[in-house]
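Participant:
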Amino acid sequence: TQTRKKNLKKLEKCLNNYLKDLYMKDASLTLKENEKISILGKDEIMLDINLAHLKNLSSGELNRLRLAFIATECNILNTGKGILFLDEIDANLSGKEAMSIAKVLEELSKFYQIFAISHLPQLSSKAHNHFLVEKNGEESKVKKLDQEERIKELARMVSGELVSDEAIEFAKTLFKN
């Protein structure tokens with residue numbers, strides 16, 4: 014209990030740094046000591062997100078909160094291993110918010126192999142590898158894209174099937190940065 018109390022503010026500060034990076038408001042963590050020890054132990058860490066109940070968070074907010082917790086754990090422990098599968102973690106987000114997720118995922122890629130399914134060019138442009146999945150009836154094909162194909166696909170993600178010169182230039186800029 015004492016160690017948890019001592020480290021709670023450090024944990025909260027680190028979490029809030031990631032939440033800020035992900036365009037979310039601060040959260041507060043409090044330690045609740047239970048009188049009886051349960052199978053989960055004696056202490057509970059309570060999360061308060063600006064008086065919002067977890068049930069009221071949007072799917073985008075929940076995804077970013079989850080990502081902030083994963084990043085906080087990696088930051089504090091300086092470790093992490095395994096694979097993260099993220100299915101549309103950037104769904105229902107603006108381009109700015111999607112780019113913030115891409116930056117956190119880039120940091121997490123030091124600790125995890127990350128597979129992220131995305132329909133937004135901001136996230137896809139930052140991947141080390143970009144795979145295109147095409148469905149044809151019951152069958153799906155997966156193709157690893159080279160640099161030129163990536164730019165074309167990013168442009169298609171921006172403008173739809175009719176890819177404009179402006180979309181190509183935007184895709185090149187995303188890919189470069």
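Numbering-wise (the numbering used here), the sequence shown opens with residue 14 and increments by one. Quick reminder that beta carbons are idealized off the backbone N, C-alpha and C, glycines included.
#1: DSSP three-state call for residue 140: helix, strand or coil?
#2: State buried or exposed for residue 166, treating a residue as buried only when at least 16 other CB atoms are found within 10 Å of its CB.
#3: Taking residue 61 as the reference, which of 183, 47 and 41 has the closest Cα?
#4: On a Cα-Cα basis, can you pick out the residue from 69, 174, 43 and 30 that is closest to residue 57?
#5: With DSSP as the reference, label residue 72 as helix, strand or coil.
#6: Tell me, please, which residues DSSP counts as bridged to residue 192.
#7: Would you call residue 117 buried or exposed, if buried means 16 or more other Cβ atoms sit within 10 Å of its Cβ?
#8: Could you tell me whether the Cβ atoms of residue 112 and residue 77 are closer together than 8 Å?
#9: Out of 135, 85 and 94, state which residue places its alpha-carbon closest to the alpha-carbon of residue 102.
#10: Run the CB neighbour count on residue 72, radius 10 Å, all protein chains shown included, and call it buried at 16 or more, exposed below.
#11: Quick check: what's the CA-CA separation for residue 97 versus residue 115?
#12: Just to confirm my understanding: we take residue 154, look at its own chain, exclude 5 residues before and 5 after, and list those with CB closer than 6 Å. What are they?
#13: Tell me residue 46's beta-bridge partners as DSSP assigns them.
#14: Taking the beta carbon of residue 59 as the centre, do at least 16 other beta carbons fall within 10 Å, making it buried, or is it exposed?
#15: Go to residue 122, then tell me how far its alpha helix (DSSP H) extends in each direction, as first and last residue.
#16: Under 8 Å Cβ to Cβ from residue 128, same chain only, skipping five residues before and after it: list those, please.
Facilitator: Inspection of the coordinates gives the following:
#1: Sequence index remark: in the sequence shown, residue 140 carries index 127 (1-based). Residue 140 falls in the coil class under three-state DSSP.
#2: Taking the first residue of the sequence shown as 1, we reach residue 166 at position 153. Flag for residue 166 reads buried.
#3: Counting from 1 along the sequence shown, the entry for residue 61 is found at position 48. Here the closest residue by C-alpha is 41.
#4: Your numbering for residue 57 matches position 44 in the sequence shown. The residue with the shortest Cα to Cα distance from residue 57 is 43.
#5: Reading the sequence shown from its first residue, position 59 is the one you call residue 72. Helix at residue 72.
#6: Nothing can be reported for residue 192: it is not among the residues displayed for the chain, which extend from 14 to 190.
#7: Here residue 117 corresponds to residue number 104 of the sequence shown, with the count starting at 1. Its Cβ being crowded by 16 or more others within 10 Å, residue 117 is buried.
#8: As a first step, residue 112 is located in the sequence shown; it is residue number 99 there, counting from the start. As a first step, residue 77 is located in the sequence shown; it is residue number 64 there, counting from the start. No. Outside cutoff.
#9: Position 89 of the sequence shown holds residue 102. Of the candidates 135, 85 and 94, the one whose C-alpha sits nearest the C-alpha of residue 102 is 135.
#10: For the purposes of this step, residue 72 is taken as the residue at position 59 of the sequence shown. That one is exposed.
#11: On the sequence shown, residue 97 is found 84 positions in, with the first residue counted as 1. On the sequence shown, residue 115 is found 102 positions in, with the first residue counted as 1. One C-alpha to the other measures close to 14 Å.
#12: Here residue 154 corresponds to residue number 141 of the sequence shown, with the count starting at 1. Around residue 154: 147.
#13: In the sequence shown, the residue the question calls residue 46 occupies position 33. DSSP, once it has assigned bridges, lists 56 as partnering residue 46.
#14: Taking the sequence shown and counting its residues from 1, one reaches residue 59 at position 46. Classification for residue 59: exposed.
#15: Here residue 122 is taken as the residue at index 109 of the sequence shown, counted from 1. Neither: residue 122 is in no alpha helix (DSSP H) and is coded neither H nor E.
#16: As a working note, residue 128 is residue 115 in the sequence shown. Closer than 8 Å at Cβ, skipping near neighbours: 96, 97, 98 and 99.
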